[in-house]
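Step one of this worksheet: look at the structure below.
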DNA sequence: CAATTATTAAATTAATTTCTGAAATATTTC
DNA sequence: GAAATATTTCAGAAATTAATTTAATAATTG
């Protein structure tokens, strides 16, 4: 990797390295979820979830669709799914 | 992943997600390097490199051996090598 | 259209991280 | 043992990130 790629990669990793954001990504591995459903699972405020989602959107990791007044979020960068899967295999061998 | 694993994993990712630290890890992929050699390659101060190395040591990612007044650093957690390799395949397809 | 629900935006504060420069430690060499 | 080299430690300033609170937007329901 040369410096530009390292910078891009470190930004990506940084966006994944906050516990709330990493948990959001894990939750979104197999299904799409609304902001409220995510808020319930990570136990913080709506505004806080919204901010974290925005960071993940900014990185192009997730996207959303709107239905009524719900925003459903999902992972659109399949490489992230691969990476999370690899992390699980390497670092969480039990399950 | 349950919450404890997510916390541990996010700490690990955070330690890798600083551009200087990620570059250090890339440099240490195939060889061990002294602090001074690393300093030359990442172009910052000695103290700064030393601090970043300490963070990686604290995570158990790297270890060192002392020879004369040089400290040679190397990656000891093989899973990190695997993970970096995977990141390269996924995000840096051209080489 | 008023009330409700879901979400976002903006501003403020709090917390954490990073860098820098100087001083300290350890080893080697002369 | 003094000087030189390599690295670390420390303390503070600067920068970045995160959380909180409040207000705003947007769609839905009665």
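Residue numbers (my numbering), protein chains in the order written: chain A, 95 to 189; chain B, 95 to 189.
Idealized CB from N, CA, C, for every residue including glycine.
CA-to-CA distance, residue j to residue i, given in whole angstroms
i	j	result
residue 154 of chain B	residue 125 of chain A	34 angstroms
residue 148 of chain B	residue 161 of chain A	48 angstroms
residue 131 of chain A	residue 116 of chain B	34 angstroms
residue 167 of chain B	residue 151 of chain B	9 angstroms
residue 179 of chain B	residue 105 of chain A	17 angstroms
residue 141 of chain A	residue 113 of chain A	16 angstroms
residue 158 of chain B	residue 146 of chain A	37 angstroms
residue 172 of chain B	residue 127 of chain B	17 angstroms
residue 133 of chain A	residue 188 of chain B	39 angstroms
residue 139 of chain B	residue 163 of chain A	52 angstroms
residue 96 of chain A	residue 182 of chain B	11 angstroms
residue 177 of chain B	residue 184 of chain A	8 angstroms
residue 100 of chain B	residue 103 of chain A	20 angstroms
residue 186 of chain B	residue 98 of chain A	11 angstroms
For residue i: DSSP bridge partner residues
i	result
residue 157 of chain B	B:168
residue 127 of chain A	A:167
Nearest-angstrom beta carbon gap, residue j and residue i [assumed within contact, 8 angstroms]
i	j	result
residue 110 of chain B	residue 119 of chain B	6 angstroms
residue 165 of chain B	residue 156 of chain B	Between residue 156 of chain B and residue 165 of chain B the Cβ distance is about 11 angstroms, and since that is not below 8 angstroms, they are no contact.
residue 136 of chain A	residue 143 of chain A	7 angstroms
residue 107 of chain A	residue 175 of chain B	Residue 107 of chain A to residue 175 of chain B, Cβ: 16 angstroms. No contact.
Cβ of residue i within 7 angstroms of any chain B Cβ
i	result
residue 79 of chain A	Since the first and last residues shown for chain A are 95 and 189, residue 79 of chain A lies out of range.
Residue-level contact to chain A via CB, residue i, 7 angstroms cutoff
i	result
residue 99 of chain B	yes
Residue i beta carbon near the ligand SAM (any heavy atom closer than 6 angstroms)
i	result
residue 143 of chain B	As presented, the structure is devoid of all ligands, the ligand SAM included, so that no description of it is given.
Open item on the list: At a CB distance below 9 angstroms, what residues from the stretch 108-119 of chain A approach chain B? Give them in sequence order.
Closed with: 108, 109, 110, 111, 112, 113, 114, 115, 116, 117
- [ ] Closer than 8 angstroms, Cβ to Cβ, to anything on chain B: give me those residues from the stretch 117-142 of chain A, in chain order.
- [x] 117, 120
TODO: Mind checking the stretch 155-184 of chain A against chain B and listing, in chain order, the residues whose C-beta falls within less than 7 angstroms of any C-beta there?
DONE: 173, 176, 177, 180, 181, 182, 184
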